[in-house]
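Taking it in order: structure first as structure tokens, then the write-up.
Here you go:
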């Protein structure tokens, strides 16, 4: 009885796949851990982070069990385990903001008022956290439209707590829009 | 006839003195001097009105920042800080929001008279036992320039001013 020539090739291929599979397992685990790191560029820290001024624009990152806000060389990290509440909201702000926005108010013939009509939709992210000594802190961030829910999910997946789950909050924010229609 | 005129003028004078006296005594009551080396600021409560969390947090954070700027206290403790319980010369600030009207920044900038944001807070300063030392209603507004959260900054500035005038 002859052994078909295909059989040894199948055997070798199976052995090779098992070997590659065992090597691939740690890689997948690494991907899963780094996949949780989500960054949100152009995020404005309205207030609440120690060591940073108010209304600073930087990058918000949720990684390795921490919420990290980076502005240039300054970096503030808040452990997600110390975050006791995460809430999102929606708002609008002037398309032309800052000092230029204020100066446009003095434009003749109501030009500044006209420019105020141009507004961009934004998301707000509010967190409540506890410092090492047990003191309560609050921080507010402004993100681009549609990013707050993702930021909340990322923080919750890394150990932050909330009384209002992300899905429930998304539903409650969607309801008024449905009524308007 | 002349005597009656004299009496009525005397009566008028007495009434004037009475009112002046009552006003000055009321002012005296309004400006008690409280002494405390440290203060603990509790998170603002809103039992009567639904206050968005960003306003609640902004009230709290702005209060801490503005009170620290007054330099009236050696220590400014946050809510939940266990260090406050060991401090003997402590005053605690309780804030209860009883009125809130969220305006619109867009309306304010376009019309200049509509869309104001207003936040009304009852502030009570107590000692460690909970005995009220001083209480006052404070209103924070934003009427023209700035976002809605600026009302909390206005409120915090007013509370800081109250502390400057009433605390040693």
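Chains as they are written, first to last, in my numbering: chain S, 1391 to 1571; chain W, 6 to 173. The beta carbon of each residue, even a glycine, is placed where N, CA and C say it ideally should be.
Which of helix, strand or coil DSSP assigns to residue i
i: residue 1486/S; result: coil
i: residue 1456/S; result: strand
i: residue 1479/S; result: strand
i: residue 142/W; result: strand
i: residue 149/W; result: coil
i: residue 1467/S; result: strand
i: residue 1554/S; result: coil
i: residue 1429/S; result: strand
i: residue 162/W; result: helix
i: residue 1545/S; result: helix
i: residue 154/W; result: coil
i: residue 137/W; result: strand
i: residue 1491/S; result: helix
i: residue 1449/S; result: strand
i: residue 170/W; result: helix
C-alpha distance - residue i paired with residue j, whole-angstrom precision
i: residue 124/W; j: residue 109/W; result: 14 Å
i: residue 1556/S; j: residue 1514/S; result: 14 Å
i: residue 49/W; j: residue 1465/S; result: 29 Å
i: residue 142/W; j: residue 166/W; result: 13 Å
i: residue 1517/S; j: residue 1528/S; result: 6 Å
i: residue 94/W; j: residue 79/W; result: 10 Å
i: residue 135/W; j: residue 77/W; result: 21 Å
i: residue 1459/S; j: residue 38/W; result: 42 Å
i: residue 1491/S; j: residue 1545/S; result: 33 Å
i: residue 127/W; j: residue 1499/S; result: 42 Å
i: residue 140/W; j: residue 130/W; result: 6 Å
i: residue 1467/S; j: residue 51/W; result: 30 Å
i: residue 1435/S; j: residue 156/W; result: 18 Å
i: residue 1429/S; j: residue 160/W; result: 34 Å
i: residue 1530/S; j: residue 63/W; result: 8 Å
i: residue 1409/S; j: residue 1427/S; result: The predicted model places residue 1409/S with a pLDDT of 48, which falls under 50 and marks its position as unreliable; any figure quoted below should be read in that light. The alpha-carbon atoms of residue 1409/S and residue 1427/S are separated by roughly 29 Å.
i: residue 1443/S; j: residue 163/W; result: 21 Å
i: residue 102/W; j: residue 67/W; result: 15 Å
i: residue 146/W; j: residue 12/W; result: 50 Å
i: residue 1488/S; j: residue 138/W; result: 42 Å
i: residue 104/W; j: residue 55/W; result: 9 Å
i: residue 42/W; j: residue 58/W; result: 30 Å
Close-in-space but distant-in-sequence residues of the same chain around residue i (CB under 8 Å, 5 per side omitted)
i: residue 1512/S; result: 1480, 1481, 1482, 1483, 1532, 1533, 1534, 1535
i: residue 1470/S; result: 1452, 1455, 1456, 1457, 1545, 1548, 1549, 1550
i: residue 1441/S; result: 1464, 1466
With 16 other Cβ atoms within 10 Å as the buried cut-off, status of residue i
i: residue 113/W; result: buried
i: residue 29/W; result: Any reading at residue 29/W must be qualified, since the residue scores a pLDDT of 41, below 50, and its modelled position is unreliable; no value is offered.
i: residue 1437/S; result: buried
i: residue 45/W; result: buried
i: residue 82/W; result: buried
i: residue 1558/S; result: exposed
i: residue 168/W; result: buried
i: residue 1476/S; result: buried
i: residue 118/W; result: exposed
i: residue 1462/S; result: exposed
i: residue 86/W; result: buried
i: residue 1501/S; result: exposed
i: residue 1496/S; result: exposed
i: residue 1456/S; result: buried
i: residue 1561/S; result: exposed
i: residue 1522/S; result: exposed
i: residue 173/W; result: exposed
i: residue 170/W; result: exposed
i: residue 1508/S; result: exposed
i: residue 1433/S; result: buried
i: residue 53/W; result: exposed
Cutoff 7 Å; reference residue i; Cβ partners in own chain excluding five residues on either side
i: residue 1505/S; result: 1486, 1494
i: residue 1474/S; result: 1518, 1519, 1520, 1551
i: residue 1478/S; result: 1513, 1514, 1515, 1538, 1539, 1542, 1559
i: residue 107/W; result: 122, 153
i: residue 26/W; result: Here residue 26/W scores only 46 on pLDDT, less than 50, and its place in the model is too uncertain to base an answer on.
i: residue 1554/S; result: 1477
Sequence-distant residues of the same chain with beta carbon closer than 6 Å to residue i, five excluded per side
i: residue 47/W; result: 84, 99
i: residue 1423/S; result: Low per-residue confidence applies at residue 1423/S: pLDDT is 42, beneath 50, and the placement is therefore not dependable enough to give any value.
i: residue 1449/S; result: 1429, 1431, 1460
i: residue 97/W; result: 45, 131
i: residue 133/W; result: 95
i: residue 1472/S; result: 1519, 1520
Item to complete: Tell me the start and end of each unbroken alpha helix (DSSP H) in the stretch 1498-1539 of chain S that is at least 4 residues and wholly inside, in chain order.
Response: 1501-1506
Fill in: Within the stretch 44-129 of chain W, ranges of the beta strand (DSSP E) (whole runs, at least 3 residues)
Positions of the beta strand (DSSP E) runs, each at least 3 residues long and wholly inside the stretch 44-129 of chain W, are given as 80-82, 95-106 in order along the chain.
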